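So the protein sequences, as listed, match chains A and B. Here our numbering is used: the first residue of the first sequence is 40, the next is one more, and so on. Here our numbering is used: the first residue of the second sequence is 40, the next is one more, and so on. Backbone N, C-alpha and C define an ideal beta-carbon position, used for all residues, glycine too. Quick caveat, the model's predicted, so the values are computed rather than measured. See structure below.
There are 2 protein chains.
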Amino acid sequence: MENQYKKMTIGDIAEQLGVSKTTVSRAISGKGRIGAETRDKILEYIKEHNYRPNVIAKGLAKSRTYNIGLTLGDYDLMDLPFFQKCMIGVSEMATSMDYDVIISTVSAGDISQLERMVTNHKVDGVILTRTLLQDPPAEFLKSRQIPFVVIGTTLDKSIIQIDNDHRSACKELTSILLMKGLKKIALIGGSRSYVVTEKRLKGFMDAYEEMGMKADNDLIYLDAESNFMINNNVEELIRKKADCILCMDDNICTFVLNKLKKEKIKVPNDILVASFYNSSLLENNDPSITSLQFNVKELGNVSCKILLDHIKGKPVPNRTLLGYEVSMKESTQLR
Amino acid sequence: MENQYKKMTIGDIAEQLGVSKTTVSRAISGKGRIGAETRDKILEYIKEHNYRPNVIAKGLAKSRTYNIGLTLGDYDLMDLPFFQKCMIGVSEMATSMDYDVIISTVSAGDISQLERMVTNHKVDGVILTRTLLQDPPAEFLKSRQIPFVVIGTTLDKSIIQIDNDHRSACKELTSILLMKGLKKIALIGGSRSYVVTEKRLKGFMDAYEEMGMKADNDLIYLDAESNFMINNNVEELIRKKADCILCMDDNICTFVLNKLKKEKIKVPNDILVASFYNSSLLENNDPSITSLQFNVKELGNVSCKILLDHIKGKPVPNRTLLGYEVSMKESTQLR
DNA sequence: CTGAAAGCGCTTACAG
DNA sequence: CTGAAAGCGCTTACAG
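Structure, rendered in structure tokens:
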């Protein structure tokens, strides 16, 4: 099953044109002095014969792979669209800079795939998605001194990170709700081992503080990991007569909506609902759900650009915060 | 930003142990005659010093990249979980055979990323997902004589393909429904430019034929691409008093369920609903939705194995059909 | 059983 | 401005 497609090399071109391989190489890379005439002749030949240099060979010579790694955790399966959109963003940018992206899954703390990829010298750098407070992949890469960036937020300030401004976003959505005159806003959030959970909580608190108010801790439920827990939380919230439920992500929101439906509590008539995260899970919901909107593809784009710049030794910001949008929908309309 | 991690080479080992690079290479690959004693000594040294060969260099020498490409179309965004699960399956198998997977997006017929990846000699083969009747990526790869396999089904029998047995699966689900005594089963399907649409239709027909019955063409709606079209279709089906709506995929099913809800038609009390495809979109629906179940990760596993075998020149089956499960839920319970 | 040497397809000091 | 040569880190006939 050999590929019989003409595999032209730099040597073939040199021979055909009666120049040296060095010259051909220079014409291609544009580096080193070379006569305009010779260069044009070579470039023309290349175009005409559809030659493409072997990136692997180039990589070996320059100790580069022209690959970057992208990890996905199996927890990503929970927020399906995120990884895919992000990956498309990364891939788009990588391609435009003549890099490719190799994927690597990290499941249940098993970083063997990542280790393999790195120790096999298959990538020049890595993009980590969804980091935990304690992040084995990040620690591994740090110990290996491989350039890497993190999509998300880590406590370790020395790590290059790119994230949406979750804190401000959550603050803004909460503020809008508070200004509607709501008195008993509840918050249901996921695992506190994710940094983003803390960020969202802080944003929520910020909104209260700015208005000189105090959030009611009795209405805040964190570490809500299962449908069961969320059902319980919702029951309690009904008893406590919350007037709005803020969900930290769409998964939680889906469970909350199901539970409310089962209890025959109407949204937005009886209670308001909003999500701190957008995903297509809620796209077709009736009523439509108020949520934050993040441009995940852009997140991928930017992260890739930063990693590549970093690999090339350019200075890059240690922390990059991307924007958001608040999308008000039916679920928070006061009757 | 250089990686200062010890980059040991085969030469270093040879020098330290007073043998030749050839010998070291042989010890590692296990090919070529070599004394057991020398081999053990080398292997031990390698283990002790945590040496990992540079796969890129090995690749250059063997004209291999130890990478395979995996394409995803932007239409995949419609069935989110599919690509990701599939990719995890592919990656898992690839890793176990010391290969890596490079992703490449193909959007709106733009195969430039794929072309780049291939002409840059970055992959030894490619896995294509979601092929269309007319498939530019497949045609391109064929013309380049690059080993590749397709996840899905193509009309071109010369292409190595791996798919679930959609036809049998759809037939089985339809049969079960027919045996419940349903008289007016409707079918709403997507674009006919996907081979799988035809397969599903055939399976539907098969069920009727086997029972000596004839499907009512008046209840079959294909090329239902938009929410708008599906709404119309559902309206007509209500008028025609269909007793069951079979949806070819979960996207369609979601639209159908929304429309029925809006029209205040209860599932399963007033009409039954089932889907020919499973995805998490419907996971939390109330009532739970009867659907077919496919093991997508396994699909990825098998596809990768077949491609790798093919690359290595082993004989592989031209067509591989994987199983399915019928999962009966509330949405098809006759009262 | 072991090694010297050529080669994979590039890049890049060093000379001229 | 151009080229011969060494090198990137491996593999593999060929000889011994």
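Buried or exposed: where does residue i fall if 16 or more other Cβ atoms within 10 Å of its Cβ makes it buried?
{"i": "residue 205 of chain B", "result": "buried"}
{"i": "residue 363 of chain A", "result": "buried"}
{"i": "residue 176 of chain B", "result": "buried"}
{"i": "residue 202 of chain A", "result": "buried"}
{"i": "residue 147 of chain B", "result": "exposed"}
{"i": "residue 195 of chain B", "result": "exposed"}
{"i": "residue 61 of chain A", "result": "exposed"}
{"i": "residue 267 of chain A", "result": "exposed"}
{"i": "residue 174 of chain B", "result": "buried"}
{"i": "residue 356 of chain B", "result": "exposed"}
{"i": "residue 301 of chain A", "result": "exposed"}
{"i": "residue 289 of chain B", "result": "buried"}
{"i": "residue 308 of chain A", "result": "exposed"}
{"i": "residue 373 of chain A", "result": "exposed"}
My output table needs one value for residue i: the three-state DSSP class, helix, strand or coil.
{"i": "residue 281 of chain B", "result": "coil"}
{"i": "residue 157 of chain A", "result": "helix"}
{"i": "residue 138 of chain B", "result": "coil"}
{"i": "residue 53 of chain A", "result": "helix"}
{"i": "residue 110 of chain A", "result": "strand"}
{"i": "residue 367 of chain B", "result": "coil"}
{"i": "residue 332 of chain A", "result": "strand"}
{"i": "residue 206 of chain A", "result": "helix"}
{"i": "residue 146 of chain B", "result": "strand"}
{"i": "residue 350 of chain B", "result": "helix"}
{"i": "residue 259 of chain B", "result": "strand"}
{"i": "residue 324 of chain A", "result": "coil"}
{"i": "residue 48 of chain B", "result": "coil"}
{"i": "residue 355 of chain B", "result": "coil"}
Could you give the first and the last residue of the continuous beta strand (DSSP E) run that contains residue i?
{"i": "residue 187 of chain A", "result": "187–190"}
{"i": "residue 313 of chain B", "result": "311–314"}
{"i": "residue 202 of chain A", "result": "199–203"}
{"i": "residue 164 of chain B", "result": "164–168"}
{"i": "residue 231 of chain B", "result": "First-last for residue 231 of chain B: undefined, no H or E at that position."}
{"i": "residue 227 of chain B", "result": "224–227"}
{"i": "residue 374 of chain A", "result": "First-last for residue 374 of chain A: undefined, no H or E at that position."}
{"i": "residue 359 of chain A", "result": "358–361"}
Quick check on the DSSP output: the alpha helix (DSSP H) that includes residue i runs from which residue to which?
{"i": "residue 98 of chain A", "result": "94–101"}
{"i": "residue 68 of chain A", "result": "60–68"}
{"i": "residue 25 of chain A", "result": "Given that chain A is displayed from residue 40 to residue 374, the structure contains no residue 25 of chain A and the question cannot be resolved."}
{"i": "residue 182 of chain A", "result": "175–183"}
{"i": "residue 78 of chain B", "result": "75–88"}
{"i": "residue 293 of chain B", "result": "289–301"}
Are residue i and residue j close, meaning C-beta to C-beta below 8 Å?
{"i": "residue 269 of chain A", "j": "residue 294 of chain A", "result": "yes"}
{"i": "residue 142 of chain B", "j": "residue 126 of chain A", "result": "yes"}
{"i": "residue 139 of chain A", "j": "residue 156 of chain B", "result": "yes"}
{"i": "residue 313 of chain B", "j": "residue 212 of chain B", "result": "yes"}
{"i": "residue 150 of chain B", "j": "residue 107 of chain B", "result": "no"}
{"i": "residue 306 of chain B", "j": "residue 370 of chain B", "result": "yes"}
{"i": "residue 161 of chain A", "j": "residue 94 of chain B", "result": "yes"}
{"i": "residue 276 of chain A", "j": "residue 224 of chain A", "result": "no"}
{"i": "residue 333 of chain B", "j": "residue 317 of chain B", "result": "yes"}
{"i": "residue 121 of chain A", "j": "residue 335 of chain A", "result": "yes"}
{"i": "residue 409 of chain B", "j": "residue 199 of chain B", "result": "No answer is possible for residue 409 of chain B: the residues shown for chain B start at 40 and end at 374."}
{"i": "residue 112 of chain A", "j": "residue 169 of chain A", "result": "yes"}
{"i": "residue 352 of chain B", "j": "residue 287 of chain B", "result": "no"}
{"i": "residue 79 of chain B", "j": "residue 105 of chain B", "result": "no"}
Exercise. Just by C-beta distance, which residues in the stretch 73–94 of chain A are closer than 9 Å to chain B?
Worked result: 89, 91, 92, 93 and 94
Problem set entry | Residues of the stretch 158–178 of chain A whose Cβ lies closer than 8 Å to any Cβ of chain B, in chain order | 158, 159, 160 and 161
Problem set entry | Members of the stretch 46–59 of chain A near chain B, C-beta cut-off 7 Å | none
For this session: Give the residues from the stretch 136–147 of chain A that approach chain B closer than 9 Å (Cβ to any Cβ), ordered along the chain.
Result: 137, 139, 140, 141, 142, 143, 144 and 146
Problem set entry | Against chain A: residues of the stretch 293–323 of chain B by CB proximity under 8 Å | 293, 294, 297, 300, 301, 319, 320 and 323
For this session: Mind checking the stretch 258–269 of chain B against chain A and listing, in chain order, the residues whose C-beta falls within less than 9 Å of any C-beta there?
Result: 266
Problem set entry | Under 8 Å (Cβ pairs) to chain B, residues found in the stretch 196–230 of chain A | none
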